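Asks: Let me begin by handing over the structure; questions about it come next.
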Amino acid sequence: MKTERSERFGTGHPLHASLRCWMAGGLVVFAAIGSLCDTVVRAESAKTRAPNLLWIVTDDHRSDSIQAYNRAVYGQDDSPLGHVESPNIDRLAGEGVLFTRVFCNAPVCAPSRGSMHTGRYPFRNGHYAFEITHQAPDFVRPTVSQTLRDHGYQTALFGKPGHYIFRWGPGQGYNDAGLFDTEVDFKHDLQKNGIGEIFTGVRFGKRQGRTQVIGTAEKVLYPDGRTKEYFISRVGEDLTPEDLAARREVDQQFDLLRSYTRSNPSLIIGGVNPKPAGKTIDAAVVDEYTRYLTNRDSEYLTAWGKSQRGVDTDRPVFIHLSFHLPHTPVLPPKSFRDRFAQYSYRVPEFDKSDVERLPPQMQRMYQATKIDDLTPEEKQTAIQDYYAFCAYGDALIGDAVDKFKAYCESRDEDYLILFTIGDHGWHLGEQGIEAKFTPWRQSVSDSVILVSSDKNAVVPGTVCDQLVEYVDFAPTLLASAGLDIHSERFDYLDGYSLFDVIDGKRPERQYAVGEINVIVGPRAYLHTDRFRFSMRTRPFDNLVNKNQLGQDLRWALDAPAEEVDLMLYDLAVDPLERRNVAGQSEYRELAEWFRQKLGRIVLGDGRAECDWSMENTFHISDFALGADDKKLDIPTKIIPEPAMAVSKR
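In full-length UniProt numbering, the protein residues as written are 1 to 649.
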């Protein structure tokens, strides 16, 4: 089937024969296998201005909280764990393409968002954790918002930035890099000005004549304007009786469930929000976004009295709407919490013997994030409140989408909406944990929705199950703005435009990759249709320092396998990833093949390691250039037959 896209979205190309997309209602639009269909020509729009862009991102958001996703993947409305509600997101999915196999390139906020904003893998932008990165080093390239601004767009961010990209001072620090023309930060603008509900923050004080961190405090903002603040940890000191009494009172007032079995025992994983629906901090984010769209070409005041200018109608607009929910603290408003309390949920299967099969690095991850010792009632509460919080987010997202579309339609302007469902995922007991941070499916696998006012460019009601990665979002946004992402100027981009995925312009990926360095040290992962593999990448747990920069980069390829903490799952016989088979005799050669494949990609194909405390000190490793070829040429003889694998379990 030959297709052409409207001129403003780029030139169309024949659909690739292996493209796996279909209409959600069951009518095949793009065949999985077989010949190409009749020619369909997409109509050209009379509009010539670049489309307005809305990029929505949620945080720690499981795709199975969305019925449209569950219908496409599981053939039912419910999550495998139970009841979910998502009428607004379902409607949005029906207006465009729902991509169901989308993998983040780092399962934690900062490096995941860094990869999204730059279109580069963590191992190529040098951003593996919560480093205070900046744009002074020569290997750094502009973010999508900077490129769009240079292309004539006005840019605005509302909510959580989270990318950890700052300005070189001179000197390293949390200096605003000015990535957006307008920015309303949920932490530094909203919470700082008394807008929110329950949140934590580091506190500083004088000790021995020096200003230093003295602990972490929790602050509660009540609907009537009262506040309460108390320490939940103190550096070098025990909590005071007053701290403990205040915390007990708040726990009782809002029925808080804390992660007392985790290494971070104060994390709130369930409870009722102090604020009603429509008055939470995420609702405040939507309110500020609404003020921006409403006050066209004029000055207005934010909720805390800051003068700000509304959208400029003479230019196309790129808005990044970044929600904090359903990230901890998991606090659905009472109306949503009460509704979900009636449902009973299936707790994910787990047994402590599963942990014994893990390599030491991942055993430590389990110990840091485990919740399997919660009571059965507490596990129910954690799951109920999480899905209730997601349902509340659905209402806010629906409101925000409607307002964006109304703005565009009132001006007869084209638009494109990209909804990234979670900067990564979240476990609700799978592998015995409630967290992200891991190479397991619930941490790294999510979905995305792409919608356009040009229904010929993005066909409504389509589901696509090709492998997609988070580095694809930057090229998608740039391509939608009319930029030629295939030109030499953009050769630094690691991702594909989702338009190219839909049109079959790029060969289908055979794997997705990522890397992270939090809690237990550096670890990379590779996902295929049948296997999920991960490994330690460096012989140390810390973020790389100036003495380690570029040193021992072949260690993970050459060291004894047991030192590299290999983990391999055969999804054909173990879809829930409960049995690590990397050390089993029938899988040992395959695990070694994956070690060499993944290791050469993340360690030798343009790996960047940077001393971010310096202006321009970094190392680029190139001993395996071209290793990331998107192909799996696994020797057939080392792949166990599923029947054999089952018999050996």
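Just so it is clear, CB atoms sit at the ideal spot from N, CA and C, and this is done for glycine as well. Everything numeric in this text was worked out from a predicted model, so none of it was measured.
Who does cysteine 610 pair with in a DSSP beta bridge?
Replies: Taking the first residue of the sequence shown as position 1, residue 610 is located at position 610. Phe618.
Asks: What do you get for phenylalanine 204, buried or exposed, if any count of 16 or more other CB atoms within 10 angstroms of its CB means buried?
Replies: Position 204 of the sequence shown, counting from 1, holds the residue named residue 204. That one is exposed.
Asks: Note the first and the last residue of the continuous beta strand (DSSP E) segment covering tryptophan 55.
Replies: Indexing the sequence shown from 1 puts residue 55 at position 55. Run containing tryptophan 55: 52-57, per the beta strand (DSSP E) assignment.
Asks: Residue ranges of each beta strand (DSSP E) run of no fewer than 3 residues wholly in the region 426-464, ordered along the chain?
Replies: Entirely contained in the region 426-464, the beta strand (DSSP E) runs reaching 3 residues are, in chain order, 445-452 and 462-464.
Asks: Within 8 Å, do at least three Cβ pairs link the region 387-407 to the region 323-341?
Replies: yes
Asks: Helix, strand or coil, according to DSSP, for aspartate 541 in the structure here?
Replies: As a working mapping, residue 541 is identified with position 541 in the sequence shown. Coil, per DSSP.
Asks: Taking just the CA atoms, how far does leucine 549 sit from arginine 141?
Replies: Counting from 1 along the sequence shown, the entry for residue 141 is found at position 141. Counting from 1 along the sequence shown, the entry for residue 549 is found at position 549. C-alpha of arginine 141 to C-alpha of leucine 549: approximately 20 Å in a straight line.
Asks: Specify the secondary structure class of serine 497 as computed by DSSP and reduced to three states.
Replies: To locate residue 497, count along the sequence shown from 1; it is residue 497. Correct three-state label for serine 497: coil.
Asks: What ranges does the beta strand (DSSP E) occupy inside the region 118-177, keeping only unbroken runs of at least 3 residues that lie completely in it?
Replies: 154-159
Asks: Near valine 520, which residues of its chain fall below 6 Å by C-beta distance, leaving aside the five closest residues on each side in sequence?
Replies: If you number the sequence shown from 1, residue 520 lands on position 520. The answer, listed in chain order, is Gln361, Arg364 and Met365.
Asks: Roughly how many angstroms lie between the CA atoms of aspartate 297 and arginine 315, to the nearest whole one?
Replies: As a first step, residue 297 is located in the sequence shown; it is residue number 297 there, counting from the start. As a first step, residue 315 is located in the sequence shown; it is residue number 315 there, counting from the start. Cα to Cα, the separation comes out at about 11 Å.
Asks: Beta carbon of leucine 598, beta carbon of leucine 543: below 8 Å?
Replies: Looking up residue 598 in the sequence shown gives position 598. Looking up residue 543 in the sequence shown gives position 543. Contact check for leucine 598 against leucine 543 fails: the beta carbons are separated by 8 Å or more.
Asks: For leucine 54 versus isoleucine 417, is the C-beta spacing smaller than 8 Å?
Replies: Reading the sequence shown from its first residue, position 54 is the one you call residue 54. Reading the sequence shown from its first residue, position 417 is the one you call residue 417. Yes; because the gap between Cβ atoms is below 8 Å, this pair is in contact.
Asks: On a CA-only basis, which of Gln510, Gln342 and Asn547 is nearest glycine 82? Give me that one, please.
Replies: Numbered from 1 along the sequence shown, position 82 holds the residue referred to as residue 82. Ranking Gln510, Gln342 and Asn547 by Cα distance to glycine 82 puts Gln342 first.
Asks: Between arginine 113 and proline 161, what straight-line distance do the alpha-carbon atoms span, to the nearest angstrom?
Replies: For this step, residue 113 is matched to residue 113 along the sequence shown. For this step, residue 161 is matched to residue 161 along the sequence shown. Going from the Cα of arginine 113 to the Cα of proline 161 covers about 8 Å.
Asks: Rounded to a whole number of angstroms, what is the C-alpha to C-alpha distance between leucine 603 and serine 621?
Replies: Here residue 603 refers to the residue found at position 603 of the sequence shown. Here residue 621 refers to the residue found at position 621 of the sequence shown. Cα-Cα distance, rounded: 7 Å.
Asks: Under 8 Å, do histidine 424 and aspartate 446 count as touching if we go by C-beta distance?
Replies: As a first step, residue 424 must be located in the sequence shown, where it is residue number 424. As a first step, residue 446 must be located in the sequence shown, where it is residue number 446. Yes, the pair counts as a contact, with Cβ atoms nearer than the cut-off.
Asks: Just the Cα atoms here: how many angstroms apart are lysine 637 and aspartate 503?
Replies: Your numbering for residue 637 matches position 637 in the sequence shown. Your numbering for residue 503 matches position 503 in the sequence shown. Roughly 34 Å between the two C-alpha positions.
Asks: Heavy atom of the ligand ATP less than 7 Å from the Cβ of proline 161, yes or no?
Replies: With respect to small molecules bound, the structure shown includes none, and the ligand ATP cannot be examined in it.
Asks: Identify whether alanine 556 lies in helix, strand or coil by the three-state DSSP scheme.
Replies: Position 556 of the sequence shown, counted from the first residue, corresponds to residue 556. Alanine 556: helix per DSSP, three-state reduction.
Asks: Can you tell me where the beta strand (DSSP E) with proline 522 in it begins and where it stops?
Replies: Walking along the sequence shown from the start, residue 522 turns up at place 522. Where proline 522 is concerned, the enclosing beta strand (DSSP E) stretches over 522-527.
Asks: Counting only the same chain and skipping the five closest in sequence on each side, list residues whose C-beta sits under 6 Å from that of cysteine 408.
Replies: Start at 1 with the first residue of the sequence shown, and residue 408 comes out as number 408. Asn52 and Tyr415.
Asks: Pull up the distance between the alpha-carbon of threonine 420 and that of glutamate 242, whole angstroms please.
Replies: Numbered from its first residue, the sequence shown carries residue 420 at position 420. Numbered from its first residue, the sequence shown carries residue 242 at position 242. Whole-angstrom Cα-Cα distance: 42 Å.
Asks: So glutamate 95 packs on valine 451, CB below 8 Å; how close in whole Å?
Replies: For this step, residue 95 is matched to residue 95 along the sequence shown. For this step, residue 451 is matched to residue 451 along the sequence shown. That belief holds up - the Cβ atoms of glutamate 95 and valine 451 are roughly 5 Å apart, short of 8 Å.
Asks: So the candidates are Ile319, Arg309 and Ile371; which of them puts its Cα closest to the Cα of leucine 257?
Replies: The sequence position of residue 257 within the sequence shown is 257, counting from 1. The residue among Ile319, Arg309 and Ile371 with its C-alpha nearest the C-alpha of leucine 257 is Ile371.
Asks: Identify the residues that DSSP records as bridge partners of threonine 200: which are they?
Replies: The count along the sequence shown starts at 1 and reaches residue 200 at position 200. Looking at the DSSP assignment, threonine 200 forms a beta bridge with Glu218.
Asks: Bridge partners of alanine 410, per DSSP?
Replies: Locating residue 410 in the sequence shown gives position 410, counting from the first residue. Reading the sequence as shown, one finds serine at residue 410 and not alanine. Paired residue(s): none; serine 410 is not in a bridge.
Asks: Nearest to glycine 432 by CA position, among Gln76, Glu356 and Asp402, is which residue?
Replies: Counting from one through the sequence shown, the residue named residue 432 turns up at place 432. Nearest of Gln76, Glu356 and Asp402 to glycine 432, Cα basis: Glu356.
Asks: When you compare only the Cα positions, how much space is there between alanine 512 and alanine 474?
Replies: The count along the sequence shown starts at 1 and reaches residue 512 at position 512. The count along the sequence shown starts at 1 and reaches residue 474 at position 474. Cα to Cα, alanine 512 sits roughly 17 Å from alanine 474.
Asks: Name, in chain order, the residues that DSSP records as bridge partners for glycine 82.
Replies: One-based indexing of the sequence shown puts residue 82 at position 82. Note: glycine 82 sits in a beta bridge opposite Ser79.
Asks: Alpha carbon to alpha carbon, how far is glutamine 584 from proline 575?
Replies: As a first step, residue 584 is located in the sequence shown; it is residue number 584 there, counting from the start. As a first step, residue 575 is located in the sequence shown; it is residue number 575 there, counting from the start. If you take the alpha carbons of glutamine 584 and proline 575, they lie about 17 Å apart.
Asks: Determine the extent of the alpha helix (DSSP H) in which valine 311 is found, giving its start and end residues.
Replies: Along the sequence shown, read from residue 1 onward, the residue named residue 311 stands at position 311. Element bounds for valine 311: n/a, residue is neither H nor E.
Asks: Any idea what DSSP makes of asparagine 273, helix, strand or coil?
Replies: The residue given as residue 273 occupies position 273 in the sequence shown. Here asparagine 273 sits in coil by DSSP.
Asks: Given valine 102, which residues of its chain have a CB within under 6 Å of its CB, disregarding the five upstream and five downstream residues?
Replies: Against the sequence shown, residue 102 aligns to sequence position 102. Once the five neighbours on either side are set aside, the close Cβ partners of valine 102 are Asp446, Ser447, Val448 and Val468.
Asks: Mind checking which residues open and close the beta strand (DSSP E) that includes tyrosine 415?
Replies: In the sequence shown, the residue the question calls residue 415 occupies position 415. Element bounds for tyrosine 415: 415-421.
Asks: DSSP state of serine 487, grouped into three classes?
Replies: By 1-based counting over the sequence shown, the position of residue 487 is 487. In this structure, serine 487 counts as coil in the three-state DSSP scheme.
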